[in-house]
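Worksheet: the structure to be examined is printed underneath.
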Amino acid sequence: MSIKIIKSAAAITCLTAMSAAAASSVSVYGVIDTGFGVSKGKGQAAKVQAISGGNAASRWGLKGQEDLGGGNYVKFVLEQGLKINNGEGQTSGVLFDRDSLLIIGGRWGELGFGRSGSLMGTTGYFGQFPKMSANPMACNYLDAALIGSLVNSGMLNNSVTYQVKPANTLTLTAQYSNGISTDEAKWAKNNHYYGLSAQYKNQGFNLGTIFTVIDYRQSGANNGADSDPTYNLFFAVNQTFDQTRVHFDYQHVWNSRSLGGGPNAFYAKDLGFGSTAAVKGSKKGFRSDTFVIGASTPLAGGRIFGAFKWNVGKWQGNSAKKDADRDGNRWVASLKYQYPLSKRTLVYALGTYARGTGMFDKAEAKATRLLTAFGVQHNF
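According to the numbering used here, the sequence shown is numbered sequentially starting from 841.
Below, the structure is given as structure tokens:
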């Protein structure tokens, strides 16, 4: 019997025991999203691939809550991303990669500890993009996703998050990571993250802002131990008129180590600046401005979504090539239609076209491309 099977059996046994011990307070939930995608990068042959999480990230999770009295409670969230097309976990070597949280809460707010998605992102209990309805495409697929153009802060290990609602219309959140990947070194030698967000929501109007800082103290694949901190400022505003929703987002980033995020990220080595230690360890990174406009409205029993994203970036760090183009623009046009088959199941089809110029020409197969996808999403 393989080690992997033994580990899986042990995990299932533990989860079963947990459910049996507190059946009234533990629930299983998730999203299964699968389909096919067709992609055609500039200068590349078209590819047809099975995809997982085209519309919403495929995942499953456990959550539970216990009343402590006096309006106080304790709860947990354990959530794992899945690749439905091959059955693998989304993140190799991590069981609950999207959330691994213990949360203490009450009328005074909520205080969460563990692994969590950052405020500047879509993932996890504390990810603010979905709460702010920031993505006009409401979609997870490559260029249609917000991180197809925006810089996010990824997942955080060793995090502490405090969230409070001083009024029904206002939510404030503060987040800190004692070590984004690890905190085994002394405090001054760990990479730290700090984040603040505020959201106002009232009668179909949504206004939100997020500010995050990543302080580099350890060398990484794309930063030095003394690289300048990455500062990331984001604004989102959207309004519902009857059943039509209109969106506008803006992001400004100082000293980012990439343009875009997740599988869409462009690094210095991708854009013609080289992969030497001097380039990777540059104190300065990318400066970036991104604008997003979009809308969605009912159509033929379903809903149609459209968006346009425009990113203007500049590399401020070292370059192994003196004549490398340091400026670039990339825009993405997106369209999606989804139709509900039931309260928990829908079908969708989407298409995006992206075009990059300037420094993006060095990664033209990824920067300039046509993507289409269709699939089925089921929530449980």
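Backbone N, C-alpha and C define an ideal beta-carbon position, used for all residues, glycine too.
Keep in mind the model is a prediction, meaning the values are calculated, not measured.
For Pro1006, there is no enclosing alpha helix (DSSP H); the residue is found in the beta strand (DSSP E) stretching over Met995 to Ala1007. With a contact defined as Cβ atoms closer than 8 Å, Gln1003 and Gly949 qualify at about 6 Å. Straight across, the Cα-Cα distance linking Ala1076 with Arg1085 is about 13 Å. In summary, Gln1217 is buried, with 16 or more beta-carbon neighbours lying within 10 Å of its beta-carbon over all protein chains present. The criterion of a C-beta distance shorter than 8 Å is satisfied by Asn1062 and Ala1108. Annotation: the continuous beta strand (DSSP E) that includes Glu906 extends over Arg899 to Gly909.
Considering only Trp1155, Tyr1040, Val1000 and Phe1131, the residue with the shortest C-alpha distance to Trp1094 is Trp1155. When C-alpha distances from Ala984 are compared across Ala1194, Asp1201, Lys1202 and Phe1220, the shortest belongs to Ala1194. Ranked by Cα distance from Thr1185, the options Gly1215, Arg1209, Asp1163 and Lys1161 are led by Gly1215. Annotation for Phe876: Val888, Gln889, Ala890, Ile891, Ala1213, Phe1214 and Gly1215 place their beta carbon closer than 8 Å to its own, counting only its chain and skipping 5 residues before and after. If only uninterrupted beta strand (DSSP E) runs of at least 3 residues are considered, those enclosed by the region 895-971 are 899-909, 912-921, 939-946 and 949-957. Counting along the chain, Lys1120 sits inside the alpha helix (DSSP H) bounded by residues Ala1117 to Lys1120. Phe1106 counts as buried, since at least 16 other C-beta atoms from the protein chains shown sit within 10 angstroms of its C-beta. For the options Trp900, His1087 and Ile943, the alpha carbon positioned closest to that of Lys923 is the one of Trp900. Cβ-Cβ distances below 7 Å link Ala1135 to Pro976, Thr1084, Arg1085, Val1086, His1087 and Gly1146 in the same chain, with the five nearest sequence neighbours on each side left out; the list follows chain order. The beta carbon of Leu908 is closer than 7 Å to those of Val914 in its chain, skipping five residues each way along the sequence.
Between Ser1174 and Val991, the C-beta spacing is not below 8 Å. Annotation: the region 1001-1056 contains the following complete segments of the beta strand (DSSP E) (minimum length 3 residues), in chain order: 1010-1017, 1032-1042 and 1045-1055.
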